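Right, one structure below, let's go through it.
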Amino acid sequence: MSASIDKFKETKSAINTQYVSQGYNTKLCGQTVLSMIIGKPTEQICKELQKDGTTNIIKDLKPYLEKNGFDTEYKKVRTFKDIPNNSIVLLEFPDESQSGHYTLKINNVYYDPAVGILKNYNEETRLPHSFLKFKKTEKK
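Residue numbers for the sequence shown follow the working numbering, beginning at 2 and rising by one.
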């Protein structure tokens, strides 16, 4: 197994995730999933990202995790079964609204900042677009 793949081997998460709500009618799902991973308040993450609204998985979430001591790997997917644990998942809506939403998958559970804690999604109302797998960098 190559070294880059080996560092993302599927293991039970060491992250003790506490569910955090993004708040009613906000566009803070990206900041909120980062809050659940890192443990900082969503408001602090908004300040650090300098964003009080929509975020981008590649331009905002990936660099933020890396700056805070995580290795990351981004991939596109089309089915929920292809999403590994310890991932931020970008969902899309099949109604062609071009809107997306972030959720967090840890230990086969989805922590959706707008909905709550879920075991699975109805693929008729939500489709996975991509995921950002993360793992805390091991200190040497």
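All residues carry an ideal CB built from backbone N, CA and C; glycine is no exception. Predicted, not measured: the structure shown is a model, and the values here were computed from it.
| request: Could I get the ranges of all uninterrupted alpha helix (DSSP H) runs contained in the segment 77-133, with 4 residues as the minimum, in chain order? | output: none
| Does the beta-carbon distance from residue 86 to residue 136 come in below 8 Å? | no
| request: Inspect the CB distances between the segment 103-120 and the segment 68-78 and report whether three or more fall short of 8 Å. | output: no
| Helix, strand or coil at residue 74 according to DSSP, with G and I counted as helix | strand
| Hey, out of 126, 77, 114, whose CA is closest to residue 96's CA? | 126
| query | Under a Cβ-count criterion, where at least 16 other Cβ atoms within 10 Å of its own Cβ denotes burial, should residue 51 be classed as buried or exposed? | reply | Burial state of residue 51 is exposed, judged by a 10 Å Cβ sphere holding fewer than 16 other Cβ atoms.
| Do you know offhand how far residue 20's Cα is from residue 40's? | 10 Å
| Inter-residue Cα distance where the pair is residue 46 and residue 117 | Each residue's Cα considered, the two are about 20 Å apart.
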